[in-house]
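Enquirer: Protein chains in written order, with my numbering: chain A, 104 to 364; chain B, 44 to 277. We put the beta carbon where it would ideally sit given N, CA and C, even for glycine. None of the values given here were measured: they were computed from a predicted structure. Pasting in a structure now, in structure tokens, and then I'll have a few things to ask.
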């Protein structure tokens with residue numbers, strides 16, 4: 104176990120080094136993403152300038168949710184940028200490179216290819232929480248805890264979606280669509296939907312666990328919801344590992360070894 | 044198409060949960076707002092992200108081949124994009140009509156307004172494509188276009204009135220939005236779903252004016268990019 108953790112720590116260190124390789128590019132991408140997130144939030148400011156509430160939610164609550172989503176997304180794509188290209192890597196036979204290592208292939212597959220703009224996402228969570236969301240610095244440990252749990256759920260859910268190509272190799276485009284839909288749904292508060300849709304968004308398509316549930320947990324100071332979010336992170340991470348291992352049994356490509364000879 | 048339906052479903056639920064009566068005299072209902080959104084999202088999804096092609100060509104250096112051809116790069120690129128976007132417009136248009144029929148049980152349009160809507164949507168799409176071309180060419184200077192696109196896209200969403208008509212914006216922001224080219228890209232065609240043909244002439248006139256300016260802008264940006272390629276290489 105300790106060896107595995109050390110291996111993951113080494114991979115994370117390499118990921119951060121990769122970001123430092125082109126600092127100007129990384130910083131400008133992060134800066135633009137930071138501005139991008141704040142500009143888009145103007146939509147909600149306009150909404151709440153016209154309407155007093157959205158089923159009990161106000162602008163501060165939306166800011167809380169937006170902060171959760173951008174933190175979760177940022178952490179996922181900076182530290183596990185491989186989730187974005189996982190389906191393509193599997194279909195192209197790129198897994199061979201990872202299978203040749205004396206470790207489980209999933210960590211090295213996911214913990215690479217950092218997306219620099221994700222740094223801007225992570226940074227923009229702070230103004231969402233502290234400025235627009237009206238939270239204090241003292242709330243930060245709790246906010247970071249639930250939002251990082253959300254990041255693990257996001258990364259795991261996307262990894263599960265991308266594993267679809269093990270069984271359906273021509274579904275790379277479909278996986279990309281699923282991913283885009285997933286990210287899009289996370290940004291809107293799910294309590295406006297019907298019961299059936301909410302159950303779906305809390306289980307099979309867990310978009311509500313990325314922004315809505317963590318935001319509710321902080322709003323209500325609910326220990327039960329915080330525990331549920333952390334438990335869901337562990338559950339989805341385990342599920343992602345299980346699905347990947349099942350898919351791996353069907354993987355039969357050897358084309359990268361031929362290329363590398 | 045799935046994404047298009049999904050966003051319509053999200054906002055159908057969101058508008059149902061919104062206290063729309065607080066708008067007072069604006070007279071916006073859940074049905075009318077859905078019809079408005081069906082048009083704005085129709086345009087946004089039909090266009091897609093074509094700027095990425097120009098960005099990739101500049102980053103990969105393959106733009107050299109295209110520049111050597113007898114047809115100007117911008118014109119050839121736009122011709123391809125118009126063909127692709129037209130196909131998506133037809134498919135997504137059918138999907139949007141189906142969604143409105145399913146949700147509202149009717150299409151809130153008269154025949155003359157439908158004709159005006161098609162003209163306005165075509166002008167809007169041309170405008171957006173011209174901006175995509177310019178954003179793609181930004182990579183000639185910055186090495187990448189994506190960050191510029193993110194900001195432009197969010198300005199389009201906010202000042203174009205992607206989700207809400209700019210008539211309900213706070214006065215100052217509404218004035219800025221109306222004076223911007225973004226309103227001609229989304230709000231102008233979608234407002235036909237709210238006002239009928241009442242303000243169609245002024246909306247189409249504004250679109251034509253912005254189209255002329257955008258063509259001039261695209262020509263200038265392309266010339267600048269080519270000059271840069273000649274001086275610094277690709």
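For a test of the three-state rule: what should DSSP assign to residue 160 of chain A, helix, strand or coil?
Expert: In the structure shown, residue 160 of chain A sits in a strand (DSSP, three-state: E or B).
Enquirer: Could you check the C-alpha separation between residue 276 of chain A and residue 67 of chain B for me, to the nearest Å?
Expert: 44 angstroms
Enquirer: My parser needs the alpha helix (DSSP H) runs of 4 or more residues fully inside the stretch 248–306 of chain A; what are they?
Expert: 267–270, 275–289, 298–305
Enquirer: Quick one: Cα of residue 263 of chain B to Cα of residue 112 of chain B, how far?
Expert: Each residue's alpha carbon lies about 19 angstroms from the other.
Enquirer: Which word fits residue 93 of chain B, buried or exposed, when buried means at least 16 other C-beta atoms lie within 10 angstroms of its C-beta?
Expert: buried
Enquirer: On the CB-based measure, 16 or more other CB atoms within 10 Å of its CB, does residue 352 of chain A come out buried or exposed?
Expert: exposed
Enquirer: In three-state DSSP terms, what is residue 115 of chain B?
Expert: coil
Enquirer: Under 9 angstroms between the Cβ atoms of residue 286 of chain A and residue 201 of chain B?
Expert: no
Enquirer: What distance in whole Å lies between the Cβ atoms of residue 257 of chain B and residue 343 of chain B, which are believed to be in contact at a cut-off of 8 angstroms?
Expert: Residue 343 of chain B lies beyond the residue range present for chain B, which begins at 44 and ends at 277; the question has no answer from this structure.
Enquirer: Residue 98 of chain B by DSSP, collapsed to three states: which one?
Expert: Helix at residue 98 of chain B.
Enquirer: How long is the line joining the alpha carbons of residue 259 of chain B and residue 171 of chain B, rounded to whole angstroms?
Expert: A straight-line Cα-Cα distance of about 14 angstroms links residue 259 of chain B and residue 171 of chain B.
Enquirer: Does any CB atom of chain A fall closer than 9 angstroms to the CB of residue 193 of chain B?
Expert: yes
Enquirer: Below 7 angstroms between beta carbons is the criterion; list the residues of the stretch 179–204 of chain B that meet it against any residue of chain A, in chain order.
Expert: 190, 193, 194, 197, 198, 200, 201
Enquirer: Between the beta-carbon of residue 233 of chain B and the beta-carbon of residue 249 of chain B, is there less than 9 angstroms?
Expert: no
Enquirer: For residue 206 of chain A and residue 109 of chain A, what's the separation of their Cα atoms in angstroms?
Expert: Going by the C-alpha atoms only, they are around 12 angstroms apart.
Enquirer: Please state if the CB of residue 126 of chain B and the CB of residue 85 of chain B are separated by a distance shorter than 9 angstroms.
Expert: no
Enquirer: Should residue 324 of chain A be labelled buried (16 or more other beta-carbon atoms within 10 Å of its own) or exposed?
Expert: An exposed status is given to residue 324 of chain A, since fewer than 16 other beta-carbon atoms sit within 10 Å of its beta-carbon.
Enquirer: In this structure, how does DSSP classify residue 183 of chain A when only helix, strand and coil are distinguished?
Expert: coil
Enquirer: Would you call the stretch 196–213 of chain A and the stretch 107–126 of chain A touching, i.e. three or more CB-CB distances under 8 angstroms?
Expert: yes
Enquirer: Of all the beta strand (DSSP E) runs that stay within the bounds of the stretch 228–272 of chain B, which reach a length of 3 or more residues?
Expert: none
Enquirer: Taking contact to mean at least 3 C-beta pairs separated by less than 8 angstroms, is the stretch 100–107 of chain B in contact with the stretch 51–70 of chain B?
Expert: no
Enquirer: Are the stretch 303–316 of chain A and the stretch 243–256 of chain A in contact at 8 angstroms, needing three or more beta carbon pairs?
Expert: yes
Enquirer: Could you have a look at residue 207 of chain A and say whether DSSP puts it in helix, strand or coil?
Expert: coil
Enquirer: Indicate whether residue 222 of chain A and residue 132 of chain A have their beta-carbon atoms separated by less than 9 angstroms.
Expert: Cβ distance < 9 angstroms, so residue 222 of chain A and residue 132 of chain A count as in contact.
Enquirer: Taking Cβ-Cβ distances below 8 angstroms as the criterion, which residues of the stretch 139–154 of chain A are in contact with chain B?
Expert: 139, 142, 143, 145, 146, 149, 150, 152, 153, 154
Enquirer: Below 6 angstroms CB to CB, which residues in the same chain sit around residue 281 of chain A once its five sequence neighbours on both sides are set aside?
Expert: 264
Enquirer: Residue 157 of chain A versus chain B: which residues are under 8 angstroms apart at the beta carbon?
Expert: By Cβ distance, chain B contributes 57, 60, 61.
Enquirer: Could you please give the first and the last residue of the uninterrupted alpha helix (DSSP H) stretch that includes residue 109 of chain B?
Expert: 106–110
Enquirer: Out of B:235, B:135, B:62, which has the shortest C-alpha to C-alpha gap to residue 155 of chain A?
Expert: B:62
Enquirer: Just mark residue 139 of chain A as buried or exposed, buried being the case when its beta carbon has 16 or more other beta carbons within 10 Å.
Expert: buried
Enquirer: I want to see whether chain A comes within less than 9 angstroms of residue 86 of chain B, judged by CB atoms only; does it?
Expert: no
Enquirer: Which class does residue 60 of chain B belong to by DSSP, given the choice of helix, strand or coil?
Expert: Residue 60 of chain B sits in coil when the DSSP states are folded into three classes, being neither helix nor strand.
Enquirer: Of the residues A:192, A:124, A:126, A:136, which one's Cα is nearest the Cα of residue 269 of chain A?
Expert: Ranking A:192, A:124, A:126, A:136 by Cα distance to residue 269 of chain A puts A:192 first.
Enquirer: Compute the distance between the beta-carbons of residue 229 of chain B and residue 82 of chain B, then report whether it is under 9 angstroms.
Expert: Yes, the pair counts as a contact, with Cβ atoms nearer than the cut-off.
Enquirer: How far does the alpha helix (DSSP H) with residue 209 of chain B in it reach, from first residue to last?
Expert: Taken as a continuous stretch (DSSP letters only), residue 209 of chain B belongs to no alpha helix (DSSP H), as it is neither H nor E.
Enquirer: Would you decide whether residue 98 of chain B is buried or exposed? Buried here means 16 or more other CB atoms lie within 10 Å of its CB.
Expert: buried
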